[in-house]
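**Student:** Residue numbers (the working numbering): 71 to 289.
Ideal Cβ positions, reconstructed from N, Cα and C, are used throughout, including at glycine.
Owing to the predicted nature of the structure, the values given are computational and were not obtained by experimental measurement.
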């Protein structure tokens with residue numbers, strides 16, 4: 071099947087898959103950022119139990135294969151009476167994995183903040199929560215724009231785990247299986263999906279670079 075025939079027959083499927091991928095990516099990334107901030111706060115907390123939990127979370131989910139985690143969520147959680155639909159399972163998997171790497175990015179950003187700023191904040195009577203909210207988190211966010219841009223791209227690629235479960239509509243990787251079970255799309259079917267990922271990544275990187283230039287902290 072040639073390119074023209076493939077697009078004329080399955081063009082709408084590719085468009086639906088691209089929109090599904092974008093939707094899952096944006097939704098997942100919002101919660102990745104929220105969870106990553108919470109985990110990072112735990113990791114810098116003055117309370118040791120919270121630091122242990124935060125570090126443990128990061129180490130575990132940085133080293134768990136995505137497919138293995140998806141299998142646990144899809145097939146093991148129902149035994150605990152926790153049942154999600156397949157799309158939610160993919161999104162939860164993506165969030166859990168992405169937040170671990172996001173926390174590492176935030177920790178790198180926090181490490182760039184001078185100790186003198188923290189001491190100055192303490193000297194004027196700010197507590198731990200206010201120091202985080204007013205000094206640490208804003209600077210960490212500005213410092214980690216490019217790493218978080220890369221994380222957004224990684225989150226988009228992680229949504230390809232949706233190809234392992236039946237989704238309707240399918241995402242960009244899953245649509246290839248849909249096509250190849252109905253006709254012979256071959257490698258060309260994969261290349262079209264890969265092009266969707268690549269072009270999206272280029273746009274995200276371009277936007278991320280522009281934002282970084284605007285908010286970057288010059289030291």
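Give the single residue among 247, 113 and 82 whose Cα lies nearest to the Cα of residue 169.
**Tutor:** For residue 169, the nearest C-alpha among the options comes from 113.
**Student:** By DSSP, does residue 231 sit in helix, in strand, or in coil?
**Tutor:** Residue state, collapsed to three classes: helix.
**Student:** Cα separation between residue 95 and residue 222?
**Tutor:** Cα to Cα, residue 95 sits roughly 8 angstroms from residue 222.
**Student:** Here's a check: name, in chain order, each residue in its chain whose Cβ is nearer than 7 angstroms to the Cβ of residue 165, leaving out the five neighbours to either side.
**Tutor:** Closer than 7 angstroms at the Cβ level, and outside the excluded window around residue 165, lie 98, 101, 102 and 105.
**Student:** Suppose you measure from the CA of residue 117 to the CA of residue 108; what does that come to, to the nearest Å?
**Tutor:** Cα to Cα, residue 117 sits roughly 14 angstroms from residue 108.
**Student:** Determine the direct distance from the alpha carbon of residue 90 to that of residue 219, and round the result to whole angstroms.
**Tutor:** Each residue's Cα considered, the two are about 20 angstroms apart.
**Student:** Residues in its own chain within less than 7 angstroms of residue 120 by CB, not counting five upstream and five downstream?
**Tutor:** Counting only Cβ-Cβ distances below 7 angstroms, and skipping sequence neighbours, we find 112.
**Student:** Applying the criterion that 16 or more other CB atoms from any shown protein chain within 10 Å of the CB defines a buried residue, is residue 173 buried or exposed?
**Tutor:** That one is buried.
**Student:** Tell whether a beta-carbon distance below 7 angstroms holds between residue 156 and residue 237.
**Tutor:** Yes, these two residues count as a Cβ contact at 7 angstroms.
**Student:** In this structure, how does DSSP classify residue 206 when only helix, strand and coil are distinguished?
**Tutor:** Looking at residue 206 - three-state DSSP - the assignment turns out to be helix.
**Student:** Quick one: measure Cβ to Cβ for residue 231 and residue 124, integer angstroms, because I've assumed they're closer than 8 angstroms.
**Tutor:** With a Cβ gap of about 25 angstroms, residue 231 and residue 124 do not count as contacting.
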